[in-house]
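Those protein sequences? They're chains H and B, same order as listed.
Here the first sequence is numbered in my numbering, starting from 11 and rising by one per residue.
Here the second sequence is numbered in my numbering, starting from 90 and rising by one per residue.
Glycine is no exception: its CB is placed at the ideal position from the N, C-alpha and C atoms.
Working notes for the structure below.
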Amino acid sequence: MNKQVVYSIQSPYRQPMDVIGFKFGKGEKALCVVGAMRGNEVQQMYVCSQLVSRLKELERDGCICEGKEIMIIPCVNYYSMNIGKRFWTMDNTDINRMFPGYELGETTQRIADGLFKELQGYTYGVQLASFYQQGDFLPHVKLMKTGFTSNELMKDFGLPYAFVRTPRPYDTTTLNYNWQVWGTNAFSLYTNATDNPDENSAKTAVDAIIRFMVKRGILKTRVGSGYLTEVISEDRLYQIQSASAGICRSFVKTGDEVKCGDLLCELTDPLEGCVIAKIFSPVNGIVFFRFNRPLEYEKSVLYKIIRL
Amino acid sequence: MTTVIASAGLAVNERIEIRRNRITGKSAETPSGKRVCIVTGTHGDELEGQYVCAELARILSENLQQLNGIVDIYPAINPLGIDSITRGIPLFDLDMNRIFPGTAEGTMAECLAADIISDISGADICIDIHSSNIYLKEIPQIRINEISADELVPYAKMLNCDFIWIHSAATVLESTLAYSLNVTGTKTLVVEMGVGMRITKEYCRQLTAGIFNLLKNLGMWTGDVEKVREPIVSGEGTVEFVNSDADGIFVPCVEHWVDIEKGEHIGDVINPITGETVERVTAPCRGKIFTLREFPIVYGGSLIARILGGEGNE
Ligand SMILES: [Zn+2]
C-alpha cells in the first residue's frame, strides 16, 4: 500500500486539508473509489475505510492481479466533516457540483480540478454517493446515461438493483457524469445510510466493490456471487407523495413487497393526534425508498416503489 | 392586491406562501394590455431586491392614474430562505435557481417552481433581481445568456444599469428561472447588484429608475422618468477574473467601479497572524472593476475581482 496526498489546500486558520489516497498494486490504473465529498457522508467514508482495510490484507496475500492499480480516496472534504457542515466550509458550495473543476477558478472548483486530475485514466470509477433526499433506500448502483458506460457492467457488483438515470442539467457538473466524459466507466454506489454509519450496508457495499474487481480481473479472491442484478430505468420507480403535512407512521420498510391497496402509512395531525390521511399502495411492487424523518410536509416523497 | 400564487403545507400548522402584489393601472388612455413582472428573493441571502420591490410598490400605488397595464411584484419566491438567512431552500439544501421549470408531479420545491413559472408566463417582460452573495459586491448589471442576447439587450439598455454582461451558455444554467422563462417565450432579464445581506440604497434607486424607464418605453407609464445611463455591453472574452492564490485576509486598496491600469495594485492578501503580505494582487489587464470582494477571508481560489477590460474596451 502506498499512502499519498492527492490534493492539498491551505486555510489561514487551520492545518492544511490533505486529501489522502491509498494505492494498491502496480500497473495500469484499473479502479478508483471516491468516498465522502460532502461533510455528512460519514457512511461513504466508512465504506472506503473498510475497503482500505480489506485491500491491505488482500495485497499482503498476493490477491491483486499483476499489472493492476487500485486507488481509494475515503474522504475529500474533511474540513466540513470536522465542523459538522455538509457543504464547503466557507461558501457552502458542493464539490460534487464543480466537476470537471477549474484550476484557476474558485476554491471548490480548484479542489474538483486537483482531484479530477488524479482520477483520470482509470478504467473503472466508483463514487460512494449520497442522496439529496433524506430517507432509507435499498443499496443499489446507478449509472448516469451518457452512452459511454455499458449498463451490463453494473451487474458485476451483484447488488439486487441497478438504475440508469437520464442526466438532468444539474447532473452535468457531477463527478459521475464527467468521469464518463473523460473515458472512465463510472458508477455511483448507494448504501442505505449517510450521516450514521450502518455496519450491514457498509459490508454489502465493500463486498459489491470486491466482487466487481474480481469479475473485472483486478482481484483474485473468493467472494459470494451476490444477486442477479435487475437493471431498471429510473422511470420504473413509482413515487408516492403525501397530500398533506403531518407526522408519518409507516407500516412498511424498504425491501418489503407490497400489493396494490396495502396500507403504507398513516399521517397524523401534529397538534391534535388524529389520523388525517391513510396512504395505500397504488401498485404491486417492492418498497425501494422510504421517507425517514418524523415530520413531513405536503408533497414530501414518502415512498418509491419498484413496480413489479 | 396581494395574492398567494403558490403554497404548500409545512409540517406543523403553517403553509409556505409565495405572494404576488398585482398593481393594476388606472390610466385614462387606451389599455396597453401589458404586464411586467418583478421577481426577487430566489436566494435567501440576497436582499437588495426587497427595497426595489418596496419602492416600486410605493410609487406605483401612489400614482395609479399614470400606470397603464399591470405590474406584478413577487418579492420573495424563497420566503423561508429570506426569513432564515439561508441562501437555498431550508430543509432541502437546494439552490432554488436549479429547479426550474419545476413540475406539478414533483417535490414541494418543484411544485412551487412550476406554479411560479405558470404565473409569470406570458408577461411582456420579467425582471429577476439578484444581489450577488455575501462574498462579492457587484456594480448594477444585467446578465444575459448569449443565446437570447439579440432579443434582450435592447430591453436591458433601458434599465439604468452600468453594465450588460453577455455570458456563454452552460448546461447547468438551464434550470434557472430566467432560462426557463426565456425558452418558453417570456423575456426575462437577470439583474445582479450590490452585496448579500445588505441594502445599497443608491443601487436600488438606480434600478428603480430604470424599471420606470422600461415601463415608459413599453407604453405603460405616463409619469416622468430620469434620464438613464448608457451601459457598457460586453461579451465573455472581455471579462478577466482575479482569484487569490494565497489564503489569508484580503484588504483592497481600490474603489469599486474605477478605471484601473494593467499591473495596478488591487489589494493584498495578508497573513492575519504574522502580518506579512502573502500575495500582492494586481490587475491582469486595464479596465474597470465591476466585481470586488467584500468578505475578507480568502482561500486559494477565492474570487477577488472581475475586471471589464481586454480587447475591444477602451
Ligand atoms: Zn441570486
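Checking the 7 Å criterion, the Cβ of THR131 (chain B) is within range of a heavy atom belonging to ligand 1.
With fewer than 16 other beta carbons inside 10 angstroms of its own, LEU114 (chain H) counts as exposed.
By the neighbour-count definition (other C-beta atoms within 10 Å, threshold 16), ALA258 (chain B) is an exposed residue. Under the three-state reduction of DSSP, TYR23 (chain H) is assigned to coil, being neither helix nor strand. For the pair of segments examined, the segment 243-251 of chain B was found not to touch the segment 263-273 of chain B: the number of CB pairs separated by less than 8 Å stays below three. The beta carbons of MET27 (chain H) and ILE19 (chain H) sit closer together than 8 Å.
For the C-beta of VAL93 (chain B), not a single chain H residue is nearer than 8 Å; the gap to the nearest is close to 14 Å. With fewer than 16 other Cβ atoms inside 10 Å of its own Cβ, TYR142 (chain H) counts as exposed. Listed along chain B, no residue sits closer than 7 Å to GLN190 (chain H) by beta-carbon distance, the nearest being about 15 Å off. In this structure, HIS219 (chain B) has its beta carbon less than 7 Å from a heavy atom of ligand 1. If you draw a straight line from the Cα of ASP172 (chain B) to the Cα of GLU350 (chain B), it comes to about 42 Å.
Listed along the chain, the chain H residues whose CB falls inside 8 Å of the CB of SER237 (chain B) amount to none; the nearest CB is some 16 Å away. When only Cα atoms are considered, GLY283 (chain B) and GLU106 (chain B) end up about 27 Å apart. Those residues of the segment 32-47 of chain H placed with their C-beta closer than 8 Å to a C-beta in chain B do not exist.
Membership of ASP357 (chain B) in the beta strand (DSSP E) is indicated by the continuous run 354-359. THR133 (chain H) carries a coil assignment under DSSP once its states are collapsed to helix, strand and coil. For ALA97 (chain B), a Cβ of chain H is located within less than 8 Å of the residue's own Cβ. Along the segment 72-105 of chain H, going in chain order, the ones with a CB nearer than 7 Å to a CB of chain B are ARG96, MET100, ASP101, ASN102.
Between the alpha carbons of ALA139 (chain H) and ASN186 (chain H) lies a gap of roughly 10 Å.
Of the candidates B:GLU135, B:ILE159, B:ASP134, the residue whose Cα lies closest to the Cα of ALA146 (chain B) is B:ILE159. Judged by DSSP secondary structure, VAL224 (chain H) falls within the alpha helix (DSSP H) whose first and last residues are 209-225. Contact annotation, LEU247 (chain H) with ILE315 (chain H): C-beta distance approximately 7 Å; criterion of less than 8 Å satisfied.
Around the beta-carbon of GLN14 (chain H), fewer than 16 other beta-carbon atoms lie within 10 Å, marking it exposed. In terms of CA proximity to ASP245 (chain H), H:LEU318 leads the group H:GLU76, H:LYS263, H:ASP279, H:LEU318. Judged by DSSP in its simplified three-state form, PHE97 (chain H) adopts coil rather than helix or strand. Look at GLU135 (chain B): its beta carbon is less than 7 Å from one of the heavy atoms in ligand 1. Within the same chain, Cβ atoms closer than 6 Å to the Cβ of THR118 (chain H) are found at TRP98, THR103, ILE105, MET108, the five residues on either side in sequence being excluded. Between ILE233 (chain B) and THR131 (chain B), the alpha-carbon positions lie close to 17 Å from each other. Taking C-beta separations shorter than 8 Å and ignoring five residues to either side along the sequence, the partners of VAL233 (chain H) in its chain run ASP217, ILE220, ARG221, VAL224, following chain order. The three-state reading of DSSP puts THR196 (chain B) in coil, since its state is none of H, G, I, E or B. Between CYS275 (chain H) and ILE257 (chain H), the gap from beta carbon to beta carbon reaches 8 Å or more. Those residues of the segment 161-183 of chain B placed with their C-beta closer than 9 Å to a C-beta in chain H are ARG176, GLY177, LEU180, PHE181, ASP182, LEU183, ordered along the chain.
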